[in-house]
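Numbering (our numbering), first residue to last: 676 to 1007.
Even for Gly, the Cβ is constructed at its ideal location relative to N, Cα and C.
Presented below is the structure to which this report refers.
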Amino acid sequence: MNKNEVKELLGVRGAEQEALFRLARGLRRQHFGDQAVVRGVVEVTSACVRSCTYCPMRVENQFGRYLLTSDELVESARRVFASGVPVLSIQGGEIPKTTKIVGEAIRRIRDELGHQLEILLVLGDKSHDEYRHLKDVGADSYILKFETSIEELHERHRFYPLADRVAAIKSLTDLNFKVGSGTIVGLPGQTVEQLADDLMFARSLGLDMCSASPFIPAKNTPLANEPMGDFQTTLNAIAVTRILLPKSLIPAVSALQKYQAGGQVAGLDAGANVITVNFTPNKDQSDYPIYGADRFVVGLRHAIHTLKRGGLASGLIDDANTIRGSLAEACT
Ligand code: SAH
């Protein structure tokens, strides 16, 4: 598929859009059967050194900062594991300190649980040596979204060169992480043609995981009054990503719920196969400001129910059979 075809597909609606989604679901079925992936995310810190225009964690916002300790991360990992969720995702703002704190936690989680949990990191740009350290102590995978593949837009919204972000993605690949990346759909100033560029770029990176998530205007950012990314275009971007990277893990992000109840089911119906449940300790959850204070916080019940509506199995770890059983009952 070339860029023009991608651009055209991003715009289809009605019967053509249904056909696009069917094709995407067919490819997903071919590579994954009816099996989806549930991740448990713990948001390690709301502090960040960057100034990204769209993100409420930007350095200018010095209120509501928190940083979990290694102890709290290990405790969160236990909760994720006890719930039967097979992937622990540790996400946060970009600060140097997370290398040490998260590294220490990973070491302890590996001692305690072996490799029963996949450990996925979303901690922003770090040096090759820091990434190597995190890999050495036992991290499996890392998501670093390029956000936009257009140099000028990247510079305008993130204030440093796209090439630096891409070099970090390459570092992760060289270190044998399973690598995820992706784009923000409807970032102010982005054209459909540029979104098509993003998806072609994602394919060229040969990613294991790739997200297409909508821009959500957040309070306390320069983009607070800009319109949300278009819902239908986001769904089409998910479906096109499934076609371009058929074997990849693609999330039905929580931001889809902002448009309508069942927004994430629509994401699954467009070819996504991942849903993320929030395991951040309650006391810190309201201080993690992504998508604003009124963001949709996904619980395990909601995730399992959503997957069921999308015709997918949750694949929770067997050891947690009892929990899974009782949850499944609660969801029917
Ligand atoms: N600091 C890390 C993690 C950032 S949070 C990093 O730089 O990778 C994870 C993702 O949230 C970001 O990659 C970005 O794509 C997304 N995000 C943040 N604010 C957003 C917004 N207002 N709308 C849509 N996506 C947003």
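Distance CB(G946)-CB(R700) smaller than 8 Å: yes
Beta-carbon gap between R714 and V749 smaller than 8 Å: no
Bounding residues of the alpha helix (DSSP H) (the contiguous stretch that carries N953): Per DSSP, N953 belongs to no alpha helix (DSSP H); it is in the beta strand (DSSP E), 949-953.
Distance cut-off 7 Å: C723 Cβ against heavy atoms of ligand 1: yes
Straight-line Cα distance separating L862 from K933: 16 Å
Span separating the alpha-carbon of D944 from that of R697: 8 Å
Same chain only: Cβ atoms within 7 Å of V915, ignoring 5 sequence neighbours per side: V681, L684, L685, L874
Own chain, CB closer than 6 Å to V755, minus 5 neighbours either side, in chain order: G715, L763, F954
Residues near D815 in its chain [Cβ-Cβ closer than 8 Å; skip 5 each side]: E793, I794, L795, F852, K853
G938 vs Q710 beta-carbon contact at 8 Å: no
With 16 other Cβ atoms within 10 Å as the buried cut-off, status of R733: buried
Residue(s) in a DSSP beta bridge with P889: V860
Residue interval of the alpha helix (DSSP H) (run including I918): 906-919
Contact set for R878: own chain, Cβ-Cβ below 7 Å, skip 5 residues either direction: L919, L920
Separation of R833 from C727, as counted between CA atoms: 4 Å
Heavy atom of ligand 1 within 7 Å of F890 beta-carbon: yes
Entirely enclosed beta strand (DSSP E) segments - the segment 744-829, minimum 3 residues: 762-767, 793-797, 816-818
Rounded Cβ spacing between V812 and R782 (contact assumed at less than 8 Å): 5 Å
Contact test: Y934 Cβ vs ligand 3 heavy atom, cutoff 7 Å: This structure lacks ligand 3; the ligands present are ligand 1.
Outcome for D786 when other beta-carbon atoms lying within 10 angstroms are tallied against a minimum of 16: exposed
Extent of the continuous alpha helix (DSSP H) to which T981 belongs: 975-984
Contacting residues, own chain, Cβ-Cβ under 6 Å from V928 (five flanking each side not counted): S888
Local Cβ density within 10 Å of P964, reported as buried at 16 or more and exposed below that: buried
Straight-line gap, Q705 to F890 (C-alpha atoms, nearest Å): 30 Å
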